[in-house]
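Asks: Heads up: the sequence shown is residues 205 to 561, going by the numbering used here.
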Amino acid sequence: MLDQEIKPLTDIKSMTLSELTAYMTDMGEKPFRAKQLYQWMHEKLASDYEEMTNLPKSLRDQCREHCWYCSLSIVDMQESKIDGTRKYLFALRDGNVVESVWMKYKHGNSVCISSQVGCRMGCRFCASTLDGLARNLTASEMLEQIYAITRHTGERVSNVVVMGTGEPLDNYDNLIRFIGLLTDENGLNISQRNVTVSTCGLVPEMKRLANEKLQITLALSLHASNDEKRRELMPIANRYSIRELMEACDLYFKKTGRRITFEYSLVGGVNDTNEDAAALSKLAKPLGCHVNLIPVNPIKERDFVQSETERVLAFKNKLESNKINVTIRRELGRDIDGACGQLRRKHVTAKALDEKV
Ligand code: SAH
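1) Output needed for L449: all residues of its chain with C-beta closer than 7 Å, excluding positions within five of it in sequence on either side, in chain order.
2) Near E380, which residues of its chain fall below 7 Å by C-beta distance, leaving aside the five closest residues on each side in sequence?
3) Where does K217 fall in DSSP's three states?
4) Run through DSSP, which three-state label would L385 get?
5) Indicate the three-state DSSP secondary structure (helix, strand or coil) for T421 in the structure shown.
6) Check whether the Cβ atoms of P372 and S304 sit closer than 7 Å, and answer yes or no.
7) Please list, in chain order, all residues of the same chain as L259 whose beta carbon is under 8 Å from its beta carbon, the five residues on each side excluded.
8) Identify, in the order they occur along the chain, each residue of the same chain with its Cβ nearer than 7 Å to the Cβ of V500, setting aside the five sequence neighbours on each side.
9) Contact between the region 434 to 444 and the region 389 to 399 is defined here as three or more beta-carbon pairs at a separation below 8 Å; is this criterion met?
10) May I ask you to verify whether the region 483 to 499 touches the region 426 to 435, counting CB pairs closer than 8 Å and requiring at least 3?
11) Hey, would you say L497 sits closer than 7 Å to I532, going by beta carbons?
12) Mind checking Q349: buried by the 16 CB within 10 Å criterion, or exposed?
13) If you drop the 5 nearest sequence neighbours on each side, which residues of the same chain put their C-beta closer than 6 Å to that of I540?
14) As an exercise, report each continuous beta strand (DSSP E) stretch of at least 3 residues that is fully enclosed by the region 434 to 521, in chain order.
15) K486 to L523, Cα distance in whole Å?
16) Tell me the rounded alpha-carbon separation between N363 and D377.
17) Starting from F236, trace the alpha helix (DSSP H) both ways and give me its first and last residue.
18) Assess, as a yes-or-no matter, whether the region 352 to 362 is touched by the region 458 to 466 under the definition of 3 or more beta carbon pairs within less than 8 Å.
19) If I measure Cβ to Cβ from A250 and keep anything under 8 Å in the same chain, skipping five residues before and after, which residues do I get?
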């Protein structure tokens, strides 16, 4: 552990197969060794070099000496009594922790992963941003959240959503690398269509993503249908207007053919009127967007409240009458603080308090 902190080690689990092949060749190894190693890491999900029994011991030793093998350990796991959703708390090698959520659906298992330790976007209703950003996650750390959960549950993951702690487009290069590895045919081979990336709306990165021409789903956390209300909820709205956001969405749709999802957290008395629904319909219509309504999950540091159930239904009806495709998000894992915006580094706070005593 200490060794790894002193030496700048190569992050072997973030390498593409071609990078790994070049790396192995430099070490004087045959290219097929790279493929074996890659499959051990990304297909068989080995948790250590030790398991890679068809690789010569000398090669494994060399890798151990020069490379960091990212492997997350489970610090805590909570399972919801209501729906079986599990929240995992993982330790990173530098002592930071991240959370991931595992959800069981009829159509398969989904994992919601974190992309950063903390977040610097400051959305007013979100718990993950309360302590600011500590650091970006590497591609390997994003992958390992899925790999460690697969090892632990023994069940295959078919859908991945990047909607945990962090703003994925604020960690752009690592995110793209992560998606490439996750959907690679020599790895877990998850279809790009089963990957969703959620953003609070970083316009330049949304445009950049459009040009990558991936088949992933892009979800935009809109939460308001005019700039004034959006600015009350999300500081990022001071930087980019809804008009600029819609242009970026339009580009994304044109370049990829993939329809955008709008995430809309309903906050009682703030963004849940019929006028809000009408304005939201106008934004969603031309782009054929799907709207996902999330009754806001209250966090104790803020006084936002959920809209009444009738209001949520009326809001949904209004959108439907305007022929907008809309769903109300099922709230999974609420009793374990696993629902949207409830992930936070509670653990770190508890630990800091322990150390003070
Ligand atoms: N940074 C990204 C992804 C993480 S948040 C983004 O902003 O999209 C995932 C989703 O949960 C976002 O739509 C976010 O706005 C929403 N969310 C955050 N806190 C929430 C809360 N308290 N209640 C309901 N939804 C919340």
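Here a beta-carbon is modelled for each residue, glycine too, at the ideal position from N, C-alpha and C.
Replies: Per the coordinate set shown:
1) Within its own chain, the residues whose Cβ lies closer than 7 Å to the Cβ of L449, once the five positions on either side in sequence are excluded, are G405, V407, L424, listed in chain order.
2) As written in the sequence, residue 380 is Ile, which differs from the Glu given in the question. When the five nearest sequence neighbours on each side are left out, the beta carbons in the same chain lying within less than 7 Å of the beta carbon of I380 are those of E416, in order along the chain.
3) Collapsing the DSSP output to three states places K217 in a helix.
4) DSSP, reduced to helix, strand and coil, places L385 within a helical segment of the structure shown.
5) The DSSP-derived three-state label of T421 is strand.
6) Cβ distance not < 7 Å, so P372 and S304 don't count as in contact.
7) Excluding sequence neighbours, L259 sits near R237, Q240, L241, W244, Y253.
8) Cβ neighbours of V500 beyond the five flanking positions: F329, S469, L470, V471, F508, Q510.
9) As far as the Cβ criterion goes, the region 434 to 444 does not touch the region 389 to 399, which means the pair count is below three.
10) Taking 8 Å as the limit for Cβ pairs, the verdict is that the region 426 to 435 does touch the region 483 to 499.
11) Between L497 and I532, the C-beta gap is smaller than 7 Å, which places the two residues in contact.
12) Under this definition Q349 is a buried residue.
13) Within the same chain, I540 has close Cβ partners Q282, S284, K291.
14) With a minimum length of 3 residues, the continuous beta strand (DSSP E) runs that stay inside the region 434 to 521 are 465 to 470, 494 to 499.
15) The alpha-carbon of K486 is positioned some 10 Å away from that of L523.
16) The alpha-carbon atoms of N363 and D377 are separated by roughly 21 Å.
17) DSSP places F236 in the uninterrupted alpha helix (DSSP H) bounded by 235 to 246.
18) Short answer: they don't touch.
19) Taken in chain order, the residues that qualify are W244, M256.
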